[in-house]
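Engineer: Can you keep this structure in mind? I'll have questions shortly.
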Amino acid sequence: MKILTLKFLLPLAVILFFAGAISQAIENPEFEEYERTYPKYVKSNKPLSVLNQKDVQAIRKAENDLPFKILPFPLTMPYGNFEIQKLDIFRKSNDIKNPVIFFIHAGAEDKTTVDVAVPEWLNLGYLVVSINHRAVPKSTFPEMVEDCNLALKWVMNHIQNYGGDPTRIAVTGHSCGAHLAALLVTDTQSHKKYGIDISNIKCWFPMSGFYDMGLPENLLSPTIKSYIQAICVPSKEAASPVALV
């Protein structure tokens with residue numbers, strides 16, 4: 001059984017990526033340098049504004065296709081001892097052993113992505129878990145990853161009591177949540193430390209995340225640069241999912 005539908009997730013990822021680029025252009029003067037340099041990294045001789053034209057068309061279509069519905073009231077449960085260490089469970093009543101989507105939100109507790117996605121995921125027959133976690137600037141790496149591991153372990157131990165199937169979990173996230181999702185799946189040492197059976201993760205789909213903290217083009221984006229500087233303790237390699245595979 002398919003855990004995630006790419007037909008739904010890919011347009012959503014495009015919307016979130018392009019929205020971030022627009023915000024960056026407005027708020028950061030350094031974006032002009034980013035716009036000038038970016039095309040060479042995607043092997044194109046066209047400026048970023050031209051490359052974005054197809055994205056704009058995809059966004060307009062996706063905005064019409066995506067369901068904007070009232071979110072069901074979630075069941076909130078603690079997975080740790082800190083106040084922030086809580087997760088929201090979205091489900092349809094009387095659901096039994098449905099596959100689970102484990103979602104990690106973007107920075108600054110931005111849950112826009114899950115607000116849009118939950119109604120569609122529920123209609124497709126999934127139970128959705130959206131976690132809160134410690135985040136920058138108050139916390140850094142590896143505390144954020146520790147929270148994700150604790151939350152995932154809680155889900156594997158308890159989600160069957162709420163209608164979810166702990167052996168069919170999809171891990172996803174957006175922006176810094178995508179970075180954390182990638183670390184969550186690839187860090188085998190954490191799996192051993194927290195007793196996580198990775199075979200229960202049937203797929204993962206990180207959206208618009210950061211996977212190699214050492215890439216020079218990262219420094220062209222003020223948003224990515226500030227995030228990397230905030231979390232890369234003790235090293236960029238330790239916080240890079242690509243170094244773990």
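Each residue of the sequence shown is one higher than the last, beginning at 1 in the working numbering. Glycine residues also receive a C-beta, built at the ideal position from the N, C-alpha and C atoms.
Could you tell me the alpha carbon to alpha carbon distance between D88 and I224, rounded to whole angstroms?
Structural biologist: 27 Å
Engineer: Would you kindly work out how many angstroms separate the C-alpha atoms of N123 and S221, rounded to a whole number?
Structural biologist: 37 Å
Engineer: Give me the residue from S208, N157, I159, C148 with the minimum Cα distance to V185.
Structural biologist: C148
Engineer: Please state whether DSSP places I198 in a helix, a strand or coil.
Structural biologist: helix
Engineer: Straight-line CA distance for N132 to G80?
Structural biologist: 11 Å
Engineer: Using 8 Å for Cβ pairs, my map puts P142 next to V155. What's the rounded Cβ distance?
Structural biologist: With a Cβ gap of about 20 Å, P142 and V155 do not count as contacting.
Engineer: Sorted by chain position, which residues of the same chain lie with C-beta nearer than 8 Å to G195's C-beta, five sequence neighbours on each side aside?
Structural biologist: Excluding sequence positions up to five before and after G195, its CB lies within less than 8 Å of the CB of K153, all in the same chain and listed in chain order.
Engineer: Can you check the region 141-210 for any beta strand (DSSP E) of at least 3 residues that lies completely inside it and give the ranges in chain order?
Structural biologist: 164-174, 201-207
Engineer: Three-state secondary structure (DSSP) at S226?
Structural biologist: It is helical.
Engineer: When burial is assigned at 16 or more other CB atoms within 10 Å of the CB, is N161 buried or exposed?
Structural biologist: exposed
Engineer: Report the rounded CA-to-CA distance for V145 versus L183, giving the unit in angstroms.
Structural biologist: 7 Å
Engineer: Can you check DSSP and say which residues form a bridge with P78?
Structural biologist: K86
Engineer: Please classify P242: does DSSP put it in a helix, a strand, or coil?
Structural biologist: The question names Pro, but residue 242 is Val in the sequence shown. Residue state, collapsed to three classes: helix.
Engineer: State the Cα-Cα distance for the pair F102 and V242, rounded to the nearest angstrom.
Structural biologist: 21 Å
Engineer: What's the gap between the Cα of D187 and the Cα of I159?
Structural biologist: Taken atom to atom, the span from the alpha-carbon of D187 to that of I159 is near 22 Å.
Engineer: Are M213 and A239 closer than 8 Å when you measure CB to CB?
Structural biologist: yes
Engineer: Quick check on DSSP: helix, strand or coil for A135?
Structural biologist: Under the three-state reduction of DSSP output, A135 falls in the coil class, being neither helix nor strand.
Engineer: Roughly how many whole angstroms lie between the Cα atoms of K236 and I228?
Structural biologist: 8 Å
Engineer: Just to confirm, does Q160 get its C-beta within under 7 Å of one of the non-hydrogen atoms of the ligand NAD?
Structural biologist: Looking at this structure, you won't find the ligand NAD or any other ligand, since it has none at all.
Engineer: Closest by CA to L180, which one among P74, P119, G209, I201?
Structural biologist: G209
Engineer: Could you work out which residue in A151, K193, Y211, E120 is closest to S130 when comparing CA atoms only?
Structural biologist: A151
Engineer: If you drop the 5 nearest sequence neighbours on each side, which residues of the same chain put their C-beta closer than 7 Å to that of L244?
Structural biologist: T186, D187
Engineer: So, using beta-carbon positions, are I104 and G163 closer together than 8 Å?
Structural biologist: no
Engineer: Do P74 and K252 have their beta-carbon atoms positioned less than 8 Å apart in this structure?
Structural biologist: Any question about residue 252 goes unanswered here, given that the chain covers just 1 to 245.
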